[in-house]
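Here is the structure we will look at.
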Amino acid sequence: MDTISVQQAFCGKTILVTGASGFLGKVWLTMLLDRIPSVGRVYVLLRKKGLRPVSDRFEKIIASTH
290 MDTISVQQAF CGKTILVTGA SGFLGKVWLT MLLDRIPSVG RVYVLLRKKG
340 LRPVSDRFEK IIASTH
């Protein structure tokens with residue numbers, strides 16, 4: 290049986306991420322984009338919270354990871 294690396298498994302793939310606003314989701318998304326630049330597309334599923342639109346929540350998530 291051949292072994293496959295994580296990079297090979299995700300190379301060129303489309304990935305749907307749920308729960309990206311939580312701690313583990315942020316870590317996983319950051320590591321995915323940092324360590325596997327050859328990933329195809331990444332879709333992040335977020336919901337609005339209160340009166341804040343989804344775009345504001347996503348920008349806050351991205352800003353807090355840098």
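With this note's numbering as the guide, the letters of the sequence shown map in order to residues 290 to 355.
Even glycine gets a Cβ: it sits at the ideal position worked out from N, Cα and C.
Computed from a prediction, not measured in an experiment: that's the story for all the values here.
Assigned secondary structure, residue i (DSSP; H/G/I helix, E/B strand, else coil)
i: Lys302; result: coil
i: Leu334; result: strand
i: Thr319; result: helix
Residues bridged to residue i [DSSP beta-bridge criterion]
i: Arg346; result: Paired residue(s): none; Arg346 is not in a bridge.
i: Val328; result: Cys300
i: Thr292; result: Note: Thr292 sits in no beta bridge, so no partner.
CB-CB length for residue i against residue j, believed under 8 angstroms
i: Ala309; j: Leu322; result: 11 angstroms between Cβ atoms; not a contact.
i: Gly329; j: Thr307; result: The pair is not a contact, with the Cβ atoms about 18 angstroms apart (cut-off 8 angstroms).
Closer than 8 angstroms to chain B by CB, residue i
i: Gln296; result: In the structure shown, chain B cannot be found, because there is only a single protein chain.
Neighbourhood of residue i by C-beta, 8 angstroms cutoff - its chain only, sequence neighbours within 5 removed
i: Ser327; result: Gln296, Phe299, Cys300, Gly301
i: Ile238; result: No information on residue 238 is available, as it lies outside the stretch 290 to 355 that the chain covers here.
Beta-carbon contacts of residue i that lie in its chain and below 6 angstroms, excluding the five residues immediately before and after
i: Leu334; result: Thr307
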